[in-house]
Amino acid sequence: MSSKTVPENSSCKSSTSIDSNLESNKSPSSSINSKVPPIENNDTRIAMKSEKEQVSIFQLANDIEKALTELQTELSRNEKDFLDTISKIEKQLSEQITK
1 MSSKTVPENS
11 SCKSSTSIDS
21 NLESNKSPSS
31 SINSKVPPIE
41 NNDTRIAMKS
51 EKEQVSIFQL
61 ANDIEKALTE
71 LQTELSRNEK
81 DFLDTISKIE
91 KQLSEQITK
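Counting from 1, one number per residue, gives the positions in the sequence shown under full-length UniProt numbering.
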């Protein structure tokens, strides 16, 4: 086996030039990182979204409560009408029985 020496101006790069290239390649990623908002901002957005969701949920709960109140009122009216109808039927039956 014979060993060959690589001349210095060859296309092979030394480890120091590779290291410097790696360092220079880090700068684009740092510019990408600068475009991503920090976690604190994300937490704030999540909190704001959560706040909006809470308001939305409370509004929905209020709407449901109003609807239930209206239903209860309608049921009360229907119950009264139903009881009135039963009273009339009982009265008619008792009149027929007494005849």
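Quick reminder that beta carbons are idealized off the backbone N, C-alpha and C, glycines included.
| Check | Outcome |
| --- | --- |
| C-beta neighbour in chain D for Glu53, strict 8 Å | Annotation note: the requested chain D is absent from the structure, which comprises a single protein chain. |
| Backbone secondary structure at Lys88 - three-state DSSP | helix |
| Nonlocal neighbours in the same chain, by C-beta distance under 6 Å from Leu83, ignoring five residues either side | none |
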